[in-house]
Structures are given as structure tokens and as C-alpha cells.
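Each protein sequence line maps, in turn, to chains A and B. In terms of our numbering, the first sequence opens at residue 508 and continues consecutively. In terms of our numbering, the second sequence opens at residue -18 and continues consecutively. Following: one structure in C-alpha cells, then a few remarks.
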Amino acid sequence: MSIKLSVEHVYKVFGAHPKRALERIQKGQTKDEIFAATGMTVGVSDASFDVAEGEIFVVMGLSGSGKSTLVRMLNRLIEPTAGSIRIDGQDITRMTRKQLIALRRREISMVFQSFALMPHQNVLENTAFGLAVAGVGREQREEKALAALDAVGLKPNAHSFPDELSGGMKQRVGLARALAVDPGILLMDEAFSALDPLIRTEMQDELLRLQSEHARTVVFITHDLDEAMRVGDRIAIMQGGTVVQVGTPEEIVREPANEYVRSFFRGVDVSHVFTAADVARRDQVTVMERPGVSLRAALERLRGHDGSAAVVHDRGGKYQGVVSIDSLIACIDGLGRRDEGRIEDAFIREVEPVSVDTPLTELMTQVAHSPCPVPVVDAHGRYKGTISRATLLHTLDRTDKGAA
Amino acid sequence: MISLYAGIGAFWQSLKEAFVVDLPIGEGFTAVVDFMQTHFDLFFTAIADAISFVADNLTAFFNYLPPQLVFGVLAVLALWRVGWQFALFVLLGLYVVMGMDLWPESMDTLGLVIAATLAALGVGLPLGVAMAKSDLLAALVRPVLDFMQTLPAFVYLIPAVIFFGTGRVPGTIATVIFSMPPAVRMMNLGIRQVPAENVEAGRAFGCNPLQLLFKVELPLALPSIMAGINQTIMLALSMVVIASMIGAGGLGDPVLAGIQQLRLGTGFEGGLGVVILAIILDRLTQSFAQRSRHRTGIGTRIKQLFARGEGVRAD
């Protein structure tokens, strides 16, 4: 994947003498010290990250963490104090006013938290706003605007006015307006934060659907961890103006960079972030290779290991089935004295293996009802480990404890 | 004891002599006016010519119009913008004006008000935009506006007469000065109150400063701007009456005559004419201040009027 947007050592200082504040930052002073000494506010400090073509890059942080300032520097609604921002390799911080306006018209568009629709224009005119500003002729811009409205399902409302629409519909117009100019980069500043929870989920789905049809580079600002986890391919977490961690949702949940990042997960449901592969363990049950294992030998080994169940796989590591002491005994009881029996007969039928990429949420019922740990297999059917009830509870519990 | 009082009195007297000086502000003002009169004569003549051209032609135009046409146009405007009740009021009001034999005076006043309003808006609206864009300019202009609004009107009628003589021109100029501040203030306020995210949206989609002004700021500030224009017209109307003291003519004349000759009836009639004109102008301009996007066409309105025989919702 190629790098679409590259942010390097970007700073923003609000105040009369930003350069002096920068010097203090270089000397290692904190944001609070600088504010106390100079009255200047460090909005963003040394932010660096790359955004790949076609990914949804989420910037998450609490209010005041500098995420809104950061996103506004990406199209220079706010001028960066220092650092460089490259779009397709071109440094936008060095652009002239004219180049910048051209960039905003064709390359980068934005969706706002409060929608920021023009109340005097109807939905179609609002959607065509960017095109009208760029001087596109009426016919062509209405055609493109209608296509964008169609994409967000608002074509029938083209001639309504913003005050006749619900919040969710307004933001669809905001989204259509941003899509109508067919931008290389879409900036979304808390785009769904003003919406009701249900509508918000709906809009997240809408965004993901649009993204599956045409992958754009999206920089998505939010303060909501659930939202970040749902839409983000990668997440950058901001704290007090600095980017403290960048990674995939899984990486961040598994290894929070600091206490602040961990605190986000307090009371947050992380079960949809983890998959079966993340929690599967290999030390819970005895593993046997099928050839050469007789029923009685298997029973002996299980008793010897003090285990209750065993996974059986073939020489290639391919999962075959699960046996337990009970199932083995039941099977042996049914045999004649001389009969060796086949291990397959002792497999517990109701235990179905799950695939490695199954989210934890979908595993819960199965693990809860299974008589023994649930085996996990990869795409080739190879045994990867098991998930017991204890593991599952421990995983869910660990994240909570870790935050406390 | 007495000597103590005397001592304090003497002390106070000397204090006054030491600190309180006579500031020759009045003399200064006279000197400035004198200086401007002798050195900027050509400038004032040019202004006077321009204003008299507009004001004379407008008043002549309204007087030239047949009253039936004025009745018709205003009634239709009232029906379109406000509703049938108001259209009825307009017809009734104009009928009363006609009946009081004040038609030419009313048309004079209308012409002067429109001329003064045009001049006031022509200067005031751009000034308001500039104020909204520059805090420094706003800080400088604000006290001037206060001055223009609170200085008793008679005070600048006098220099107006000195510069421009008597008649319509100084009357119009005094009216322009008096009526301009609300247009400037409301324009400034309206633009400053445009939501920050709308302005950001405009910039984010690549507006240049001019596009930002015309595509975002002015449309969003429109209700406020229209309220300012409405106020300007109302102030112009009230000032035009006072300006009749320096011979501007119009509905102020019967009012002035009523005052000077204690002719109660004449004065009242002039006053009533002003009120009727004021209500008509006020409601009509106010109707433009409200956002009217679901504007019903005049044809629909008339149809609704006859179909249901009831009032049509005002926008």
C-alpha cells in the first residue's frame, strides 16, 4: 500500500510567539509549563504518522487532546507552526494560497460535526457546493451531486432544505457534499458524534459500505473508542497534543502504550476486537496424534495428565476431534475385551471447532455451552489451540482489571 | 467656624481655577466647518449635485406615478409578502392618505426615504463587511456610529445647511447620516455570527475570500442584514420629517405647520400619514428578513385566498 498522507513532526502553538514556545518544547518543557510561563497553548506537539492509500485512519482522543486541531492542519484550515504534511509526496505546508485553494477543491474534503450545511440552499445545491466553488458548470455539478446523493441514499430528498431533514440525513448530505468532489482524502471531524447512538451505528455502517465500494483515504476524528474500533483500520491515540500510540485496534487493545490509552478501555466492550486466535491457548488440553493412539492408551494418558479432554489431530496437525475421559470410558465400555476400538468413535459430537478469525462476541455462547474447551482451527483446518470458559472470562476480565 | 468655611470656599475656588479650563470645543467645531466650507467647496457641490439628482428624480418619479398604480403595486406586494389582511390595510391606509389630501407630500417623503436609504446602504453595507473582517476597523468605526446615532439630529442639520443650503439635499444628507448606523452594525454582527463551522466548510471546499463572502457569509447573515435595512428605512422615515425644518418637504411640512401655527388637525394628519407609510415600509421590508424558501407564488396565494376564504400563512 502506498502512503497517501504523511505527517512529520507537526506542531501547532496558539499564541503570539509560537517560535518561542517551540524552543521551550525542544528544551523538554511540558504543555502546562509553557502555558504557565508564556500563556501560549500547545495544540499539537510533534505529531508524526503515515496514512496509507485507501485506509480509514482514526485519530482518537478526549476533548482538548488536539485531534480537531490536527485534522484542520491537514487541509490548513489551521496553519501548522512547524513540521511537514505531505499529500502524495507534496508538502502542503509550503503551498501558496492559490495552490492550497486548488488542493482543497480537488484533493481533500471535509465532513463536520455540526454538519455545517448552508441553510439557504437545498440538498442538491449543498451537495454541489464544492463543485460550484470550483467553477463546475451547473449541469455537470448537478449530475455529480445527484450521484453522490444516490450513494448515500438521499436522492429522493434532493430538493428538500436542510431544516427539513433529521440529524442523520443532514450528515448524509454532509458526506455526499464531501464525496461529490471525488476527493483523494476525506477528513471527518467527529462526523457522527452529534448523532443518536442508533443513527451513529447506521452511519458507521454506511461509511464502511461506501468504503467497500470505493476505498478512499479517510482521516476520521472521534472521541468514541467503540466508533474508532468499528471503523478504523488503524488508530492514532492523542493525549495532550501528542500522538501516544498508533496501531491497529487489536494492537492497541493488546498492548496499550500507557495508562491513558488503557483507561479508554475501562468499561468498554472489547469482545469484538479480539478474535479466537487472540485467546486460543495450547496448554489447556492434552494433544494426541491419531495414529497409534488406542482408546485405552488415550484414557491412560488423559488420567495421567489430570486432564478432562484431549484434542486429536493427524500428523500434519490437522484437527480431527475432541475426546474426554467420559467419552472414552463410554466407548471402551461398549467394546469387547480384545477389541481395540477406534478413537473416532469417542469424539464428542457436539464440539465443533471454530475458525481463528471468529470474533469473541460470536464465540461466547458456544464456549459457554460446550462440555469441554472449544478447539480453534485455521483456514487449512490445522489445530491452533483451545478456548475454555476460564480463558474467555479471564480475557474479558483482564482488560477491565488492567484499566483499574 | 465661619473663617473655616471661608477658607474651604477659597481653597475650592483656587482649585477650580487651577484645574478646570474652558475647552473651546464649540469654537473648534465652527472653525472646522468654516475651513471645510472654504476649501472643499467643489467637493460639497459634487455631492450635492449627485444627491439632488437622485432625490429629485425619485420624488418626481413617485409623484408622476398615477396613484392607482401605487395602490396596485403596494397591495400586490403586501399580498405576496405578508398576507391578505395586510393588503387590505395597505389599500385602506393609502385611501386615508389620499383622503387627507397628502398624496404629493407622501410621495415626496417616499422618494426622499428611498434616496437616503440607497445612499445609506451603499456606504453602510460595505463598511459593515469591512468591520466584520477587521477588528481594528470595527474598534475605530463603532464610536463614530455611536456619535452619528446619539448626536441630536438638529445639531447636524445646522452644518448641513451651511454646506448645502436648504432644501432636499441637506435633508437627505442628514437622513443618510442618521439612518446608516443600523445597517453597518447589523451587517457587522450578522457576518460575525455566521457559525464557525459553516465558514470552515466554505474554506475547506476551496472558497476564495470573495466566494466565502458571497456564497457563505452574506446568505447566512441575510436575516440580520435585512433587519438592519429595515431599521435604516424606519430611521430614515423619522428623520425625513425632522428634515422638513430645513425645507426638505414631504409629510414633515404639515407636521411642522401644525407645531408652528398650533394647528392641531394639520399636524395630526401629517403624523398619521407618516405612521401609515412607516407601517407599510416596515412590514414589507421585514417580510424579506425572514427566510422565505417555501415562497408561495402570488397566483397560488390568490387561489388559496378564494378557495378557502382564509388567511394564507405568512412565511
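Glycine included, each C-beta is placed from N, C-alpha and C at the ideal position.
_Short of 6 Å in beta carbon distance, which residues of its chain neighbour Phe781/A, apart from the five on each side in sequence? Order them along the chain._
Working through the first sequence from its first residue, we reach residue 781/A at position 274. Leu867.
*So Ala36/B and Leu91/B are in contact, right, with Cβ under 8 Å, and what is the actual spacing, rounded?*
Residue mapping note: residue 36/B aligns to position 55 of the second sequence, counting from 1. Residue mapping note: residue 91/B aligns to position 110 of the second sequence, counting from 1. Rounded, the Cβ-Cβ distance is 11 Å, inconsistent with contact.
*In the DSSP assignment, find the alpha helix (DSSP H) that holds Gly103/B and state where it starts and stops.*
Stepping through the second sequence from its first residue, residue 103/B is reached at position 122. Run containing Gly103/B: 84 to 114, per the alpha helix (DSSP H) assignment.
*Per-residue contacts from Val197/B into chain A (C-beta, under 8 Å)*: As a first step, residue 197/B is located in the second sequence; it is residue number 216 there, counting from the start. In chain order: Met625.
*Taking Cβ-Cβ distances shorter than 9 Å, what residues in chain A pair up with Leu201/B?*
Taking the first residue of the second sequence as position 1, residue 201/B is located at position 220. Under the 9 Å cutoff, chain A gives Met625, Pro626, His627.
*Look at the Cβ atom of Asp740/A, then the Cβ atom of Glu540/A, and state whether they are nearer than 8 Å.*
Position 233 of the first sequence holds residue 740/A. Position 33 of the first sequence holds residue 540/A. Their beta carbons are not under 8 Å apart, which means Asp740/A does not touch Glu540/A by this criterion.
*For Gly637/A and chain B, any beta-carbon pair shorter than 8 Å?*
Position 130 of the first sequence, counted from the start, is the residue given in the question as residue 637/A. Cβ-Cβ to chain B under 8 Å: yes for Gly637/A.
*N-terminal and C-terminal residue of the alpha helix (DSSP H) that Thr834/A is part of*: Position 327 of the first sequence holds residue 834/A. The question names Thr, but residue 834/A in the sequence shown is Ser. Per DSSP, Ser834/A belongs to the alpha helix (DSSP H) from 832 to 840.
*Name, please, each residue of chain A whose Cβ falls closer than 7 Å to the Cβ of Ala208/B.*
The residue labelled residue 208/B in the question sits at position 227 within the second sequence. Going along chain A, no residue has its Cβ under 7 Å from Ala208/B, so there is no contact; the nearest lies around 16 Å.
_I'd like the list of long-range same chain contacts for Arg788/A, defined as Cβ closer than 7 Å, with 5 residues on each side in sequence excluded._
To locate residue 788/A, count along the first sequence from 1; it is residue 281. Gly892, Thr893, Thr898, listed in sequence order.
_Exposed unless 16 or more other CB atoms sit within 10 angstroms - verdict on Pro587/A_ = If you number the first sequence from 1, residue 587/A lands on position 80. Answer is buried; the Cβ neighbour count reaches 16.
*Anything in the stretch 640 to 654 of chain A with a Cβ closer than 7 Å to a Cβ of chain B? List those residues in chain order, please.*
Val640, Ala641
*Secondary structure of Gly637/A, DSSP reduced to three states*: Counted from its first residue, the first sequence places residue 637/A at position 130. For Gly637/A, the secondary structure class from DSSP, reduced to helix, strand or coil, is helix.
*Ranges of the beta strand (DSSP E) found wholly within the stretch 775 to 819 of chain A, counting only runs of at least 3*: 793 to 796
_For Cys188/B and Val726/A, what's the separation of their Cα atoms in angstroms?_
Position 207 of the second sequence, counted from the start, is the residue given in the question as residue 188/B. Position 219 of the first sequence, counted from the start, is the residue given in the question as residue 726/A. Rounded to the nearest angstrom, the two C-alpha atoms are 22 Å apart.
*Shortest alpha-carbon distance to Phe25/B belongs to which of Leu232/B, Ala119/B, Pro151/B, Arg184/B?*
By one-based count along the second sequence, residue 25/B stands at place 44. The candidate whose alpha carbon is nearest that of Phe25/B is Pro151/B.
*Quick one: what's Leu512/A bridged to in DSSP?*
Along the first sequence, one-based indexing puts residue 512/A at 5. Answer is Val558/A, Ile594/A.
*Span of the alpha helix (DSSP H) holding Lys574/A?*
Taking the first sequence and counting its residues from 1, the one referred to as residue 574/A is at position 67. Counting along the chain, the alpha helix (DSSP H) containing Lys574/A begins and ends at 574 to 581.
*Which of helix, strand or coil does DSSP assign to Thr724/A?*
On the first sequence, position 217 is the one that residue 724/A refers to. If DSSP states are grouped into helix, strand and coil, Thr724/A belongs with the strands.
*How would you list, in chain order, the residues of chain A whose beta-carbon sits under 7 Å from the beta-carbon of Gln192/B?*
Taking the first residue of the second sequence as 1, we reach residue 192/B at position 211. Within chain A, the residues near Gln192/B are Val640.
_Contact with chain B by Phe772/A, beta-carbon distance below 8 Å_ = Sequence index remark: in the first sequence, residue 772/A carries index 265 (1-based). By this cut-off, Phe772/A is not an interface position.
*Indicate the three-state DSSP secondary structure (helix, strand or coil) for Pro204/B in the structure shown.*
For the purposes of this step, residue 204/B is taken as the residue at position 223 of the second sequence. Three-state result, Pro204/B: helix.
*Mind listing which residues of the stretch 582 to 600 of chain A have their C-beta closer than 8 Å to chain B's C-betas, in chain order?*
Asn582, Leu584
*Could you check what DSSP says for Leu46/B in three-state terms: helix, strand or coil?*
Taking the second sequence and counting its residues from 1, one reaches residue 46/B at position 65. Looking at Leu46/B - three-state DSSP - the assignment turns out to be coil, as it is neither helix nor strand.
*Could one say the Cβ of Arg679/A lies closer than 8 Å to chain B's Cβ atoms, at least one of them?*
By one-based count along the first sequence, residue 679/A stands at place 172. With 8 Å as the cut-off, Arg679/A does not count as an interface residue toward chain B.
*For Ala639/A, count neighbouring Cβ atoms within 10 angstroms of its own Cβ and tell me buried if that reaches 16, exposed if not.*
By 1-based counting over the first sequence, the position of residue 639/A is 132. Buried is the call here.
*For Ala229/B, the nearest candidate out of Ser33/B, Asp22/B, Glu8/B (CA to CA)*: Indexing the second sequence from 1 puts residue 229/B at position 248. Considering only alpha carbons, the answer is Ser33/B.
*Integer Cβ distance of Val517/A from Gly590/A, believed to fall under 8 Å*: For the purposes of this step, residue 517/A is taken as the residue at position 10 of the first sequence. For the purposes of this step, residue 590/A is taken as the residue at position 83 of the first sequence. Contact between Val517/A and Gly590/A holds, with the beta-carbon distance rounding to 3 Å and staying under 8 Å.
*Shorter than 8 Å from the beta carbon of Ala(-13)/B to some beta carbon of chain A?*
Stepping through the second sequence from its first residue, residue -13/B is reached at position 6. No - not a single Cβ of chain A is within 8 Å of the one on Ala(-13)/B.
*asked:* According to DSSP, simplified to helix, strand and coil, what is Lys538/A?
replied: Indexing the first sequence from 1 puts residue 538/A at position 31. Assigned with DSSP and collapsed to three states, Lys538/A falls in helix.
*Taking the alpha-carbon positions, what's the Pro85/B to Gly231/B distance?*
As a position in the second sequence, residue 85/B is number 104, starting the count at 1. As a position in the second sequence, residue 231/B is number 250, starting the count at 1. Straight-line Cα distance between these residues: approximately 8 Å.
_Chain-ordered chain B contacts of Ile608/A [CB-CB under 7 Å]_ = As a first step, residue 608/A must be located in the first sequence, where it is residue number 101. Among the residues of chain B, those whose CB is under 7 Å from the CB of Ile608/A are Gly187, Asn189, following chain order.
*What does Met617/A reach in chain B if we use C-beta pairs closer than 9 Å?*
Counting from 1 along the first sequence, the entry for residue 617/A is found at position 110. Those within 9 Å of Met617/A in chain B are Glu181, Ala182, Ala185, Phe186.
*Return the first residue and the last residue of the beta strand (DSSP E) that Ala743/A is part of.*
For the purposes of this step, residue 743/A is taken as residue 236 along the first sequence, with counting starting at 1. Start and end: 741 to 746.
*asked:* If contact is defined by three or more beta carbon pairs under 8 Å, each pair taking one atom from either stretch, is the stretch 878 to 885 of chain A in contact with the stretch 854 to 862 of chain A?
replied: yes
_Tell me which residue opens and which closes the beta strand (DSSP E) that Phe564/A is part of._
Working through the first sequence from its first residue, we reach residue 564/A at position 57. 563 to 567 is the extent of the beta strand (DSSP E) around Phe564/A.
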